[in-house]
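Under the numbering used here, the residues of the sequence shown are numbered 389 to 681, in order.
Down below is the structure, laid out as structure tokens.
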Amino acid sequence: MPPTGPVDLKKEVNFASLKDRNVLITGGVSGLGKTMVKMFARHGANIVVGDVQDNLGAALEKELGGDAKIKYVHVDVTSFESQVAMLRQALEFFPRNEVDIFVPCAGVLGAPTNVAPADPSELANLKSPPADMNGRIISVNLTGVFNGVMLVARYGFGLHKNPKPEPTKSVVLIASLAGYCGAEAPSNTRQPSMALNAVAPFYVETPMTEQAVPVLKQLGIPIASTEHVTEAVARLSTDENAYGRSIFVMPEGLSDGGDDAAGGEGGQSFSTKAFGEHWAVLVNGPMSDSIVA
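This is the structure we're talking about:
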């Protein structure tokens, strides 16, 4: 099934539908993830938070544990076995023993990949990927997310019991505007019992971006707000009419990514929108080599 039409960003977010929904989120003890956890808790969801920062996880569980129904679980998303263990604990914790919403938010940054020419003779002693090949970025941001989505979709959503749940199960990916540089339109496939959407933010002030944000401010570039990111996540978690969509989060607000036949592809939509002007400064400006995408 092809993606649905653009997300209606003028429609009120259906926060009420989050009450008693079972939300599994990784990378949820700091930064954007923590903001999302608080949003879900505020609206009555049951939450399992997976992360590697156990002290912060315990503190968050204590902070929200009064009225919220929350459990912290240690997980290393680069380990398949660790993600399996997290999902098993989540299913034991959740009412109905199934996940309703999955937000794989764990992610890391790294220096821009440097494809510098090297002497082939060095291959004789090359036993592992060089540090600048960003192996951890791939294992966390790509493989970790893929494994998490596949595990939850196959084993966590309870689709073996009910292949057509209401409300629809939801996966909200946390991407980046950087991912739309040259991106093509999504595949026209769909698991009819679950919705797969993505949020693509511009730079947001979090611990992950603490080195980049001062540079942006020096360039006079505004920062997107965490509130807009959580609004986008809430929209895509609750909108029954959204599938295969992306929401861009810019300093000016939210915009549908144009991932459809009409839009052609999100990358083209992004590059031609006025919202892309800040990104153009980064890509083409004097700081382009030092800005982490």
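Every residue gets a Cβ at the ideal spot worked out from N, C-alpha and C, and that includes glycine.
Per DSSP, reduced to three states, the secondary structure at residue 526 is helical. Looking at the DSSP output, residue 432 shares a beta bridge with no other residue. Cα atoms of residue 467 and residue 523: separation of roughly 14 Å, rounded to the nearest angstrom. Excluding sequence positions up to five before and after residue 531, its CB lies less than 6 Å from no other CB in the same chain. Excluding five sequence positions before and after residue 595, the CB atoms of its chain that fall closer than 8 Å to its own CB belong to 418 and 419, given in chain order. The region 461-479 makes no contact with the region 396-409, as fewer than three CB pairs between them are under 8 Å. Counting only the Cα atoms, residue 512 lies some 44 Å from residue 544. The Cβ-Cβ distance between residue 409 and residue 489 falls below 7 Å.
Rounded to whole angstroms, the Cβ separation of residue 630 and residue 395 is 5 Å, and the two are in contact under 8 Å. When secondary structure is reduced to three states using DSSP, residue 423 falls in the helix class. Listed in chain order, the alpha helix (DSSP H) elements of length 4 or more contained wholly in the region 458-521 are 468-481. Assignment of residue 642 by DSSP, reduced to helix, strand and coil, places it in the strand class.
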